[in-house]
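Have a look at the structure below before the remarks.
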Amino acid sequence: MSKAFFESFDNGIGALNHTWGNGIDTSVKGQVTIRGNSGIMEQPWGKAAGHGYGTYSVKAKMSADVQGPAALLWPGDDRWPGPEYDIVEVIHGKAYGTVHWNNNGKDAYTTRTFDGVDETKVHTYTLDWKPGKIAYYVDGKWMGEVNHNIGKDHANGGINSVFSIMNRDFESKHAFITVYEVSYKPHGGSRLDAEVVEEGSWSSLEAPTANRDYDFA
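The numbers in the numbering used here rise by one with no breaks, and the one at position 66 of the sequence shown is 66.
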């Protein structure tokens, strides 16, 4: 079972120490703001990197109605297309979550929109990953689920996920995301233990730019 994990960003980027771009602002204790084509991530060193089945939460706010900012779970082996699970993104004025999978070498995906959510306010976005199902919550309210093409975690023969906070200036140079904390709790876990973060390397910087036809539910 994966260990529980918590990052409050009291000491800069903390455990999300795999970075790219020059738009990472850690000047305010307890938060990180990402602008431009930049991001932070836990080290994606292999299939066992990061975390498996469990509950993932991100406390964050984003720029209004602009595509670009995202909080997501990236494949632990850093190979894409693959099992990428987006905790929150924004497009066409809607916050939403996305499940991606590898469909014969091409990216495939489905989305769930978070109706009534103002992404410019601070919210806690939660993704719950169980065998065969991913469910989405905002501030504890159920927002939808996906129960097809869900990958297995490493303990069950699949690939774990690592936290990533990123921004792409698709539509506006003013796009940003500010994150205050991220956490993971395995199913059945009762407390947050210290997580060991191992070294890795980024090899798929351009992967998130893939074109997508959004399947809004």
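Don't be surprised by glycine CBs; every beta carbon is placed ideally from N, CA and C.
What's the gap between the Cα of PHE114 and the Cα of ALA48? For the purposes of this step, residue 114 is taken as the residue at position 114 of the sequence shown. For the purposes of this step, residue 48 is taken as the residue at position 48 of the sequence shown. Looking at the two C-alpha atoms, the distance is approximately 30 Å.
By how many angstroms is the C-alpha of GLU119 removed from the C-alpha of ALA95? One-based indexing of the sequence shown puts residue 95 at position 95. One-based indexing of the sequence shown puts residue 119 at position 119. Their backbone Cα atoms lie some 7 Å apart in a straight line.
Where ASN156 sits in the DSSP three-state scheme: Locating residue 156 in the sequence shown gives position 156, counting from the first residue. Correct three-state label for ASN156: helix.
Check whether the Cβ of HIS18 sits closer than 7 Å to any heavy atom of the ligand COA, and report yes or no. The ligand COA is absent from the structure shown, which contains no ligand whatsoever.
Count the CB pairs spanning the region 66-74 and the region 165-179 that are closer than 8 Å, and state whether there are at least three. yes
TRP74 burial status per 10 Å Cβ neighbour count (16 or more: buried): Along the sequence shown, read from residue 1 onward, the residue named residue 74 stands at position 74. By the neighbour-count rule (16 or more Cβ atoms within 10 Å), TRP74 is buried.
If contact is defined by three or more beta carbon pairs under 8 Å, each pair taking one atom from either stretch, is the region 135-152 in contact with the region 16-23? no
State yes or no: is the C-beta of SER57 within less than 8 Å of the C-beta of THR124? Within the sequence shown, the letter at position 57 stands for residue 57. Within the sequence shown, the letter at position 124 stands for residue 124. Yes. Within cutoff.
Just the Cα atoms here: how many angstroms apart are VAL88 and THR98? The residue given as residue 88 occupies position 88 in the sequence shown. The residue given as residue 98 occupies position 98 in the sequence shown. Computed Cα separation, rounded: 8 Å.
Status (buried if at least 16 other CB within 10 Å, exposed otherwise) for ASP77: To locate residue 77, count along the sequence shown from 1; it is residue 77. The residue in question, ASP77, is buried, as its Cβ has 16 or more Cβ neighbours within 10 Å.
Under the three-state DSSP convention, the category HIS148 falls into: By one-based count along the sequence shown, residue 148 stands at place 148. Coil.
Close-in-space but distant-in-sequence residues of the same chain around LYS152 (CB under 6 Å, 5 per side omitted): Residue 152 sits at position 152 when you count from the first residue of the sequence shown. Taken in chain order, the residues that qualify are GLY158.
Under a Cβ-count criterion, where at least 16 other Cβ atoms within 10 Å of its own Cβ denotes burial, should LYS121 be classed as buried or exposed? Looking up residue 121 in the sequence shown gives position 121. Answer is exposed; the Cβ neighbour count stays below 16.
On a CA-only basis, which of ILE24, VAL182, GLY93 is nearest SER63? Give me that one, please. Start at 1 with the first residue of the sequence shown, and residue 63 comes out as number 63. The shortest C-alpha separation from SER63 is found at GLY93.
Ordered list of alpha helix (DSSP H) runs contained in the region 30-78, each at least 4 residues: none
Near GLY12, which residues of its chain fall below 7 Å by C-beta distance, leaving aside the five closest residues on each side in sequence? For the purposes of this step, residue 12 is taken as the residue at position 12 of the sequence shown. Only THR26 meet the Cβ criterion.
Out of LYS3, GLY82, GLY23, ILE91, which one is the CA nearest neighbour of GLY52? Counting from 1 along the sequence shown, the entry for residue 52 is found at position 52. Among LYS3, GLY82, GLY23, ILE91, the Cα nearest to that of GLY52 is on LYS3.
Which whole-angstrom value is the C-beta distance of VAL179 and LYS29, which I expect to be below 8 Å? Against the sequence shown, residue 179 aligns to sequence position 179. Against the sequence shown, residue 29 aligns to sequence position 29. VAL179 to LYS29, Cβ: 13 Å. No contact.
Ordered along the chain, which non-local residues of its own chain (more than five positions away) have a Cβ less than 8 Å from that of LYS133? Sequence index remark: in the sequence shown, residue 133 carries index 133 (1-based). The residues are GLU145, VAL146, ASN147, ILE150.
Would you report the Cα separation of SER161 and TRP129, rounded to the nearest angstrom? Here the question's residue 161 lines up with position 161 in the sequence shown. Here the question's residue 129 lines up with position 129 in the sequence shown. Rounded to the nearest angstrom, the two C-alpha atoms are 10 Å apart.
C-alpha gap between TYR184 and GLY39, whole angstroms: As a first step, residue 184 must be located in the sequence shown, where it is residue number 184. As a first step, residue 39 must be located in the sequence shown, where it is residue number 39. Rounded to whole angstroms, TYR184 to GLY39 spans 19 Å at the Cα level.
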